[in-house]
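Taken in order, these protein sequences are the chains called A and B.
Its first residue numbered 1, the first sequence is counted upward by one per residue in my numbering.
Its first residue numbered 695, the second sequence is counted upward by one per residue in my numbering.
All C-beta atoms in this analysis are idealised placements derived from N, C-alpha and C, irrespective of residue type, glycine included.
Number of protein chains: 2
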Amino acid sequence: MLETLFAPKSIAVIGASRTPTKVGGIVLAHLVASGYGGGVVPINPFADEINGLPCFATLAAYGKEVELGVIAVPRDLVEQAVRDAVASGVSALIILASGFRESGEEGRILEEKIIDLCRKRRVRVVGPNCMGILDTTTPLNCSFLGDLPPVGNIAVMSQSGALCAVLIDLVVHNRLGVSRAISMGNKGDVSGVDVLRNLAADPATKVVVGYIEDISSGDDLVRAAEEVSARKPVVLLKSGTTEVGQRAASSHTGIMANPEVAYGAAFRQSGLVKADNFDQLIDFGKGFSLQPYLKGDRILVISNAGGPGTMAVDAIFEAGMRVAEVSESLDLLGKVNLLGAATVNNPVNVLGDSRPELYTEVLAAGLNNDTVDGVVVILTPLALTDPKAVVDAVSGVANSEKPVMLVMMGGAAMVTDTGSLPCYSIPERAVATLRAMLDYGRWRERPARVVNRFRVHRRRVERIITRSQRVGQLYLSEVKSKAILKAYGFRIPEGHIASSADEAVEIGSRIGYPLAMKIVSPDVIHKSDLGGVKLDVANSQQVRDGYDLMMLRIRERVPGARIEGIYVEKMLDRGLEVILGMHRDPQFGPMLMFGLGGIFVEVMDDVAFHLAPITYDEAMQMLLATRSYEMLEGKRGHSGIDTHAVAVALQRISQLTTDFPQIQELDINPFIVGEVGLEPVVADARMRLSEPLS
Amino acid sequence: MLETLFAPKSIAVIGASRTPTKVGGIVLAHLVASGYGGGVVPINPFADEINGLPCFATLAAYGKEVELGVIAVPRDLVEQAVRDAVASGVSALIILASGFRESGEEGRILEEKIIDLCRKRRVRVVGPNCMGILDTTTPLNCSFLGDLPPVGNIAVMSQSGALCAVLIDLVVHNRLGVSRAISMGNKGDVSGVDVLRNLAADPATKVVVGYIEDISSGDDLVRAAEEVSARKPVVLLKSGTTEVGQRAASSHTGIMANPEVAYGAAFRQSGLVKADNFDQLIDFGKGFSLQPYLKGDRILVISNAGGPGTMAVDAIFEAGMRVAEVSESLDLLGKVNLLGAATVNNPVNVLGDSRPELYTEVLAAGLNNDTVDGVVVILTPLALTDPKAVVDAVSGVANSEKPVMLVMMGGAAMVTDTGSLPCYSIPERAVATLRAMLDYGRWRERPARVVNRFRVHRRRVERIITRSQRVGQLYLSEVKSKAILKAYGFRIPEGHIASSADEAVEIGSRIGYPLAMKIVSPDVIHKSDLGGVKLDVANSQQVRDGYDLMMLRIRERVPGARIEGIYVEKMLDRGLEVILGMHRDPQFGPMLMFGLGGIFVEVMDDVAFHLAPITYDEAMQMLLATRSYEMLEGKRGHSGIDTHAVAVALQRISQLTTDFPQIQELDINPFIVGEVGLEPVVADARMRLSEPLS
């Protein structure tokens, strides 16, 4: 449990100093100033007392146990300080110094050594390379993050110490309060997942806002985030999204699935609220801190000027939400006639004189109206407006059922205390926050996830994979890939490998024309580019010609290729070509892909991703998420295709790639889908396996 | 000239009052407080003096001429006040009262009457329904917008009075100054175009920021904006982009071209800088006010913390700019070794101690380096940082050649005076501003526009249009549309109208197979949907069958349709199908459209727009602006098409629709384009004409 960190019985500041500009001096001063009620023990071999507190040369010299040690010594003294602290029986340590993993190989080795030391004695460590922690309930400020902020319900977590300080600073500047803050630094021991679990359990925390740069165990993060999000919203900003260079990948999915896609999918699935920048981090945090989340998308806008009302409406449409239809609501109309307006539209204009009671009458009617899910109240300073009176009146009417967001245009927002109303500089930011609150609300209210398990021939796949890995064949041929898919319930066209032209003719006459012929070779991955595919083969003469020509060409173009034969296969029913794929993300595991075949994927990048395991609903959402979805429903002479069958196929891939972590990439391209009732067919497929575990 | 408004010799406040909460009281007080040096004449029949100034019952009673009259009386007294003022010989008026055009028909009529009155006497009018004007150079505050702001180089214009006040307020809160401000209100006389022209000529104004809701004469705006943008940047926010409902349109272009598209195109073409919200309006205004515009896209980032540096890099990539490659620059490296870093990357990390001289050394090297076009300097408050010292040092190094943008994370930004450095709360906003400054810079440096004029048969088109309008045939048939296009140099397949099956066979044998057959009827617009098109007609029997069947079907499906015959036409060469179109925007005139045919337009909405007249370069930019551009270059078995020919075709449409304002919509769908050397062909076309001028 990390609870020791935030509410320890006693704290030793190792490297405490009376110099107010030294880290050990700042931390000690912060700790004392924070009003921490437990024992504070300065450790410094060169002082007997610091700021009135008795000081000890070492923890051993102090003699008694302390729960938490803050190591504020320079980097080169850290290892010895940790040894001493661990020996003296601390439960947890915070290591502030930098110069570890982040500075190169030598630092990494030292960091691992120190962390190892602690883990052996079950001592939890925050840092190194961090700025410490604070807790306003305990109270406790064991950091050089700045003064202890006011008490509040926002927990702050950050990988970067500087940005941890900035986040706290911004929370305070927005007249909000902090419950806990933690600068995680290198996350040598205590990880983001640990911190999230701790904050989920903290009763003082209503919302978590955080900044992260990387995630060491994506799988855990998704699981932990799901647990935490089910209790309270977590707003995260992840930086470093575009830094990635090109990677080698053999599948479409691999080429298209980049880390940003993976993070996006992981955030969406686990209920995390994604902020695009620091402004949003605070905007969203503010909304969640002060207001209930949004349960529907119909927004009422109340404004004392036309322009900002229009801006709010534009923003609501652009965010994919709806302007609540209140004009037919007699209830609201009755109230609004106060305004002297003949008709009432949303946005409701409370006119230039902006009397507080006009705002509150309309707001109260809106909140009581079941056509309204949330409200944006806009106040533009005009001559004779009293912003504070309006804010107070509006706060008095707001309740805990539906969020009310305040927009104050201009400098007034900066000088007016808006109390329990989250206040935004422009309508667009209030609306973006409502959208985040809606997404979170929908995630919270989502139906229970049911991941189907199909009956499959798992053993058969196991055998193919093991054998291929054993002989170092990590790119599986079409034939083997299809055999795997068949074992997981996919329809594969009938076909056999021929090792002579005669045999090909014989197979052809058995399964019937038209046929497809494809080279089978572990050395030929892009078959069709090399002349290794012939379609619409109509008779035995064409089979014979095709066989000889293909062999000739491949031997010319890929000299020395190991050729297992030519696969002779029944040609497929007509249908729409789609691509199904999977690319195993190093952080988050199997990332499923769906897209329409051909130009839709290759030119328009029109694909959707989702992490496995996937439910039927989620698979249908993937289809809907493509811009070309209407093609699936029928367009331009195509009749609609069996979307259900595609969703089921995605679920089967989900099961296959969850069952077999050895599968690194998988492409079914094309997967030919017809109308409802015609079972879709795997026309071509390929897979790449991981190196076998030695 | 509007100069009278901003620097009049004398001003009468008509409806002046000593009550400080009345408009006439506020305006008079503002005028006096602003230090205006000319004569101030309060007019009020119920007072002899107001605040020490002699007061007159009427302007006539005053006896002498005044240049500017501010009408601060209630709406019902406005007409008489205007009559008196005009009679007394004022040069310009500001009408503050509301209750005119914006309140309905009665108000509109009154407004027009008043404006007419003034125009007859050449009196310019600001408003009605406005908050007045101010000028810090004169100085003059003839408004109820608030106190006169500090002197500065930002001019503020706004259609909404409330938002005019907000804009001024925000400029001041950002420690910037105002040159002039004008609340335009209903724009009864003085329009946005007038104001823009005035601000262009104002030597005190370096940048214009403005808020508009509608534009009454789009054509003028584009021309005026081009003139003004050539002298100084104009940053505009336009609200009300999504309010538009569905409109009836017969062409693809018409369906896809919405007002937002039109505004976007008009802004882009005229060099206006488009702000998406009020935050951006101020962000951009601040950048242009304080720094030179950006002449290239290579940005250097200097930061004292890793996280914000990464955010800046993410934002630079996402904005389509480049991170300057400085690591190979010995010059910079030499300086940066101060940092003790082995390698120097961009972002340059000046490390936690953030000494001012580190910032300035790196910045100076960057500014001197010709691989750097602009700089983002990020300061994250850390223990021991002195923000003010860093800001002062950095300002000292910045120069007028390349923009330097400051980012101060957290509350520090709110309390530090950053002088000549525009300061942003997050890297993303600084980078977005740089992008706006780059777009403006590129527009300023763009090559001279040369609009080609082709030799065409204008008379022939004139005749077809006039005749069609005369008989009320506003939807032109394919045949007529093609005749028009032929006159403007398009290649049309050979074809003739047949009025019997025999005649069709005869035409067919003359022009050769394969043929296309299409119904010709002013009552059948969507020919193919109604069975009015038959392609790949291969011989005389098929011509005969096709003729009889088509006649039968059309008579069944469109009873009473006037049928002029069946058009028998040479079938076309193979090529890529693209769509060229034009939709006449009510504000901005002919809006040209380009898109790839079929699903690209219908499913993916992948089209590009540009206002006519268009240059060759601009037409090529339209092609490049589509997501499917790579299809034009050749992909998936297609060889590349003759993009030059498409650009020329767009120029020809530009000329046609500029020459003939009667053409409301035009679709060439498909336009079949082959490889270079094969002239493209108009396979089908339609046009819609305006009602003839009566």
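In three-state DSSP terms, what is residue i?
{"i": "residue 1370 of chain B", "result": "coil"}
{"i": "residue 65 of chain A", "result": "coil"}
{"i": "residue 1045 of chain B", "result": "coil"}
{"i": "residue 210 of chain A", "result": "strand"}
{"i": "residue 1302 of chain B", "result": "strand"}
{"i": "residue 1335 of chain B", "result": "coil"}
{"i": "residue 824 of chain B", "result": "coil"}
{"i": "residue 587 of chain A", "result": "coil"}
{"i": "residue 664 of chain A", "result": "strand"}
{"i": "residue 968 of chain B", "result": "strand"}
{"i": "residue 393 of chain A", "result": "helix"}
{"i": "residue 245 of chain A", "result": "With a pLDDT of only 33 at residue 245 of chain A, under the threshold of 50, the placement of this residue in the model should not be trusted, and no figure is reported."}
{"i": "residue 1350 of chain B", "result": "helix"}
{"i": "residue 105 of chain A", "result": "helix"}
{"i": "residue 785 of chain B", "result": "coil"}
{"i": "residue 1407 of chain B", "result": "One cannot answer for residue 1407 of chain B here, as it falls past the ends of chain B, which runs 695 to 1388."}
Using a beta-carbon distance below 7 Å, is residue i in contact with chain B?
{"i": "residue 166 of chain A", "result": "yes"}
{"i": "residue 330 of chain A", "result": "The predicted position of residue 330 of chain A is uncertain, since its pLDDT is 45 and thus under 50; a value taken from the coordinates is nonetheless stated next. By this cut-off, residue 330 of chain A is not an interface position."}
{"i": "residue 305 of chain A", "result": "yes"}
{"i": "residue 697 of chain A", "result": "In this structure chain A extends from 1 to 694, so residue 697 of chain A is not present and cannot be described."}
{"i": "residue 622 of chain A", "result": "no"}
{"i": "residue 626 of chain A", "result": "no"}
{"i": "residue 239 of chain A", "result": "yes"}
{"i": "residue 385 of chain A", "result": "no"}
Sort the options by Cα distance to residue i and report the nearest one.
{"i": "residue 705 of chain A", "options": "A:324, A:99, A:201", "result": "Past the boundaries of the shown model lies residue 705 of chain A; chain A is included only from 1 to 694, so the question cannot be answered."}
{"i": "residue 508 of chain A", "options": "A:309, A:113, A:566, A:156", "result": "A:566"}
{"i": "residue 1157 of chain B", "options": "B:1324, B:1149, B:1181, B:1136", "result": "B:1181"}
{"i": "residue 85 of chain A", "options": "A:471, A:67, A:102, A:395", "result": "A:67"}
{"i": "residue 54 of chain A", "options": "A:105, A:693, A:42", "result": "A:42"}
{"i": "residue 1277 of chain B", "options": "B:884, B:711, B:1359, B:794", "result": "B:1359"}
For residue i, decide whether its Cβ has a neighbour in chain A, counting only Cβ atoms nearer than 7 Å.
{"i": "residue 730 of chain B", "result": "no"}
{"i": "residue 1120 of chain B", "result": "yes"}
{"i": "residue 1076 of chain B", "result": "yes"}
{"i": "residue 854 of chain B", "result": "yes"}
{"i": "residue 1015 of chain B", "result": "no"}
{"i": "residue 1105 of chain B", "result": "yes"}
{"i": "residue 1099 of chain B", "result": "no"}
Would you mind stating whether residue i and residue j have Cβ atoms separated by less than 7 Å?
{"i": "residue 81 of chain A", "j": "residue 71 of chain A", "result": "yes"}
{"i": "residue 871 of chain B", "j": "residue 844 of chain B", "result": "yes"}
{"i": "residue 709 of chain B", "j": "residue 170 of chain A", "result": "no"}
{"i": "residue 267 of chain A", "j": "residue 433 of chain A", "result": "no"}
{"i": "residue 165 of chain A", "j": "residue 146 of chain A", "result": "yes"}
{"i": "residue 1013 of chain B", "j": "residue 1129 of chain B", "result": "yes"}
{"i": "residue 1074 of chain B", "j": "residue 1124 of chain B", "result": "no"}
{"i": "residue 206 of chain A", "j": "residue 289 of chain A", "result": "yes"}
{"i": "residue 592 of chain A", "j": "residue 656 of chain A", "result": "no"}
- Taking Cβ-Cβ distances below 7 Å as the criterion, which residues of the segment 271–287 of chain A are in contact with chain B? 277, 278, 279
- Please list the residues of the segment 5–24 of chain A that have a C-beta atom closer than 9 Å to any C-beta atom in chain B, keeping them in chain order. Within the segment 5–24 of chain A, the qualifying residues are 21, 23.
- Message: By the 9 Å beta-carbon criterion, what residues does the segment 856–888 of chain B contribute toward chain A?
- Response: 856, 857, 859, 860, 861, 862, 863, 864, 866, 867
- Name the residues in the segment 206–227 of chain A whose C-beta lies less than 8 Å from a C-beta of chain B; which are they? 211, 213
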